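Chemist: Protein chains in written order, with my numbering: chain A, 188 to 399; chain B, 28 to 37.
Where is the CB? At the ideal position from N, CA and C, for every residue including glycine.
On a predicted model such as this, the values are computed, not experimentally measured, just so you know.
Structure provided below as C-alpha cells; questions to follow.
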Amino acid sequence: MNIFRLTGDLSHLAAIIILLLKIWKTRSCAGISGKSQILFALVFTTRYLDLFSSFISLYNTVMKVIYIMCAYATVYLIYGKFKATYDGNHDTFRVEFLLIPVVLLAVLINHAFAPMEILWTFSIYLESVAILPQLFMISKTGEAETITTHYLFFLGLYRTLYLFNWIWRFYFEGFFDLIAVVAGLVQTILYCDFFYLYITKVLKGKKLSLPA
Amino acid sequence: PNGKKMKDEL
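Put into C-alpha cells, the structure is as follows:
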C-alpha cells in the first residue's frame, strides 16, 4: 500500500458517495446516466467474485463490499425509488457497442483462460469505458450539475492516482500488470477533456456547460 | 513483460 493507491481508493470512494448523496439529498437522479451506473455495478460484481475465493486483507474485503453495495444502491435509486426523475430520453448510449468488444477482448487478451480470470479481465476493460454513457449524456444535454462534475472529477482522479501507484509498484515492488495499466491509461485519457473543463470552469465557480 | 495480476487491488 502506497500513498497513490490509498488516495486513489479514497477518491473512488468519495466519488461513489458524492453520487449517492446527490441523488438522496435532491431526491433526483436528473443528469445521471443509469446505464453507466449499471455498467459500474457489473464491473464490481465481476471483479470482486474473489471475495468468495480468497482473503487478501480486511481493508480489501471491506472496501470491495462497500463499493458493491453502493453501486447497487445507486442503481436502485435510479431505476427504483427515484425512477420518475431519471432522464432516460437523454441516456441513449448504445451499451452493446461497449459490451460486445469488451467481452471479445476479455476472452482474447487475459492473464489466464479461466472463468474467474476472464471475468476479472472483463471488469477491468469494462471499467475503462463504463463512464462513456455518462459523458455522452452530458455532451447531449450540453451541461452538468456542479455536484455531478465533482463526482466525475473524483472518479477520474481515482484511476489517475492508480497510474502513479502502478509506476510506484513497478519500481519498488517489481509488480507490473499490463492489462490493468493499459486499461487504466485508456480510462484516464477518457477523462482528460472533462478534467480540462472542470479546472477551467467548475473550479472557477461556473457551471459546466458546453458550447452548442 | 506480460506482467502479473495485482490481486490485492480494488
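Compare the C-beta of P28(B) with all C-beta atoms of chain A and state if any pair is closer than 8 Å.
Modeler: No answer about P28(B) holds up, because its pLDDT of 43 lies below 50 and its placement is not dependable.
Chemist: How is E36(B) classed by DSSP in three states: helix, strand or coil?
Modeler: E36(B): coil per DSSP, three-state reduction.
Chemist: Is the distance from the Cβ of F340(A) to the Cβ of Y385(A) below 8 Å?
Modeler: For F340(A) and Y385(A), yes; Cβs fall inside 8 Å.
Chemist: Please report the residue range of the alpha helix (DSSP H) in which F341(A) lies.
Modeler: Run containing F341(A): 333–359, per the alpha helix (DSSP H) assignment.
Chemist: Check L397(A) in the structure and name its three-state DSSP category.
Modeler: Coil.
Chemist: How big is the Cα-Cα spacing for P28(B) and L365(A)?
Modeler: With a pLDDT of 43 at P28(B), under the threshold of 50, the modelled position of that residue is not reliable, and the figure given next carries that caveat. Those two C-alpha atoms are separated by around 8 Å.
Chemist: Pull the bridge partners of E304(A) from the DSSP assignment, please.
Modeler: None, per the DSSP bridge assignment.
Chemist: Within 8 Å of any Cβ in chain A, is that where the Cβ of L37(B) sits?
Modeler: Interface residue, yes.
Chemist: Just reading off the alpha helix (DSSP H) that G221(A) is part of, what are its end residues?
Modeler: Here the alpha helix (DSSP H) through G221(A) covers 221–234.
Chemist: Counting only Cβ pairs nearer than 8 Å, list the residues of chain B close to H337(A).
Modeler: Result: empty, since nearest Cβ-Cβ is about 21 Å, beyond 8 Å.
Chemist: If you measure beta-carbon to beta-carbon, which residues of the stretch 246–275 of chain A are closer than 8 Å to chain B?
Modeler: Going along the stretch 246–275 of chain A in chain order, one finds N247, M250, K251, Y254 with a Cβ nearer than 8 Å to chain B.
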